[in-house]
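Engineer: Sharing a structure here in structure tokens format.
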């Protein structure tokens, strides 16, 4: 087990994020997890918490400073799992403030933490960035324009990073799940959870994309739909 690698995982107190933190800790990574103030008790054991606001540029920079503080465990990967869902109607029925808020919640944290990490990944000889979009980014459904466009923006951002940093050996790939089986989704959504994708079905993919085994792969859009 190799302990000489650091990964930053955002959203580490969520359903998928918590599973990802636990999986990377078990795989021997040093895990740095930017979290909201006061939420340390929701973070799985073994991670290094960094309290702050990932919508704030200085907080994102601080998280990366912590992630790059140990020379024996250089930063090798960033897993972007922060995002938000919402929808109150069709396009003409959606207030622009709601639309912009969902764009912001899905894109801004991913942009800030990735932008802060990139110089360090380049200086270290390369690494992996993983972004979390959704099937709706490529196959939209009605009634959630802010969410759909926000996730499509994440996908476009990831593809841009892949193109811009390929020569510096920094790869960037995007995971497109359908519905993830989390307690929050079970309480807020209808449907059959047995057809959804469990977090523990996604974490092996995240581990692969962060590992050296995925070195030839960049700009991929990977569907993880389950039976949904």
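Numbering (the numbering used here), first residue to last: 35 to 262. Built from N, CA and C at the ideal position, the CB exists for glycine as well.
1. What runs of the alpha helix (DSSP H), each 4 residues or longer, lie entirely inside the stretch 203 to 236?
2. Is residue 97 closer than 8 Å to residue 68 when the C-beta atoms are compared?
3. For residue 162, does the three-state DSSP call read helix, strand or coil?
4. List the endpoints of the continuous beta strand (DSSP E) containing residue 257.
5. For the alpha helix (DSSP H) that contains residue 135, what are its first and last residues?
6. Taking just the CA atoms, how far does residue 62 sit from residue 178?
7. Taking 8 Å as the cut-off, decide whether the C-beta atoms of residue 204 and residue 239 are in contact.
8. Since residue 252 and residue 200 are thought to touch, with beta carbons under 8 Å apart, how far apart are those beta carbons, to the nearest angstrom?
9. Could you tell me which residues DSSP pairs with residue 67 in its beta bridges?
10. I need the straight-line Cα distance from residue 160 to residue 202, nearest angstrom please.
11. Decide if residue 48 is buried, meaning its Cβ has at least 16 other Cβ atoms within 10 Å, or exposed.
12. Within the same chain, show all residues whose beta-carbon is closer than 7 Å to that of residue 118, passing over the 5 residues directly before and after it, in chain order.
13. Which residues bound the alpha helix (DSSP H) around residue 189?
14. By how many angstroms is the C-alpha of residue 87 removed from the C-alpha of residue 166?
15. Residue 180 and residue 225: beta carbons closer than 8 Å?
16. Per the DSSP calculation, residue 114 is bridged to which residue(s)?
17. Considering only residues of the same chain and omitting the five flanking positions on each side of residue 146, which have a CB-CB separation below 6 Å?
18. Starting from residue 282, trace the alpha helix (DSSP H) in both directions and tell me its first and last residue.
19. Pick out whichever of 80, 246, 83 has its Cα sitting closest to the Cα of residue 110.
20. On the three-state DSSP scale, how would you describe residue 123?
21. Which first and last residues belong to the alpha helix (DSSP H) in which residue 172 is found?
22. Rounding to the nearest angstrom, what Cα-Cα distance links residue 100 and residue 66 in this structure?
23. Give the single residue among 249, 262, 60 whose Cα lies nearest to the Cα of residue 215.
24. Could you tell me which of 43, 259, 236 sits nearest to residue 172, measuring between CA atoms?
25. If you draw a straight line from the C-alpha of residue 58 to the C-alpha of residue 175, how long is it?
Structural biologist: The structure says:
1. 217 to 222
2. As a first step, residue 68 is located in the chain shown; it is residue number 34 there, counting from the start. As a first step, residue 97 is located in the chain shown; it is residue number 63 there, counting from the start. A contact, by the Cβ cut-off of 8 Å.
3. For the purposes of this step, residue 162 is taken as the residue at position 128 of the chain shown. Residue state, collapsed to three classes: strand.
4. One-based indexing of the chain shown puts residue 257 at position 223. Note, residue 257: beta strand (DSSP E), 255 to 258.
5. Counted from its first residue, the chain shown places residue 135 at position 101. From DSSP, the alpha helix (DSSP H) with residue 135 extends over 130 to 157.
6. Here residue 178 refers to the residue found at position 144 when the chain shown is read from its first residue. Here residue 62 refers to the residue found at position 28 when the chain shown is read from its first residue. Near 38 Å, if we compare the C-alpha coordinates of residue 62 and residue 178.
7. Position 170 of the chain shown holds residue 204. Position 205 of the chain shown holds residue 239. Going by C-beta atoms, residue 204 is not nearer than 8 Å to residue 239.
8. If you number the chain shown from 1, residue 252 lands on position 218. If you number the chain shown from 1, residue 200 lands on position 166. Confirmed, about 6 Å.
9. For the purposes of this step, residue 67 is taken as residue 33 along the chain shown, with counting starting at 1. Partner(s): 83.
10. For the purposes of this step, residue 160 is identified with residue 126 of the chain shown, where counting begins at 1. For the purposes of this step, residue 202 is identified with residue 168 of the chain shown, where counting begins at 1. So the two alpha carbons sit approximately 6 Å from each other.
11. Sequence index remark: in the chain shown, residue 48 carries index 14 (1-based). It counts as buried.
12. Taking the chain shown and counting its residues from 1, the one referred to as residue 118 is at position 84. 136, 139, 140, listed in sequence order.
13. Numbered from its first residue, the chain shown carries residue 189 at position 155. Looking at the DSSP string, the run of the alpha helix (DSSP H) that includes residue 189 is 179 to 199.
14. Within the chain shown, numbered from 1, the residue matching residue 166 stands at position 132. Within the chain shown, numbered from 1, the residue matching residue 87 stands at position 53. If you take the alpha carbons of residue 166 and residue 87, they lie about 19 Å apart.
15. Walking along the chain shown from the start, residue 180 turns up at place 146. Walking along the chain shown from the start, residue 225 turns up at place 191. Not a contact, by the Cβ cut-off of 8 Å.
16. The count along the chain shown starts at 1 and reaches residue 114 at position 80. Its beta-bridge partners are 165.
17. What you label residue 146 is simply residue 112 of the chain shown in a count that begins at 1. So the qualifying residues of the chain are 91, 94.
18. The displayed coordinates of the chain run from 35 to 262. Any statement about residue 282 would go beyond what the structure contains.
19. Residue mapping note: residue 110 aligns to position 76 of the chain shown, counting from 1. The shortest C-alpha separation from residue 110 is found at 246.
20. Taking the first residue of the chain shown as position 1, residue 123 is located at position 89. DSSP places residue 123 in strand when its eight states are reduced to three.
21. Position 138 of the chain shown, counted from the first residue, corresponds to residue 172. Premise fails: residue 172 is in no alpha helix (DSSP H) and is neither H nor E.
22. Within the chain shown, numbered from 1, the residue matching residue 100 stands at position 66. Within the chain shown, numbered from 1, the residue matching residue 66 stands at position 32. So the alpha carbons of these two residues sit roughly 7 Å apart.
23. Residue 215 sits at position 181 when you count from the first residue of the chain shown. Ranking the options by Cα distance to residue 215, first place goes to 262.
24. The sequence position of residue 172 within the chain shown is 138, counting from 1. With distances taken between Cα atoms, residue 172 lies closest to 259.
25. On the chain shown, residue 58 is found 24 positions in, with the first residue counted as 1. On the chain shown, residue 175 is found 141 positions in, with the first residue counted as 1. Cα to Cα, the separation comes out at about 33 Å.
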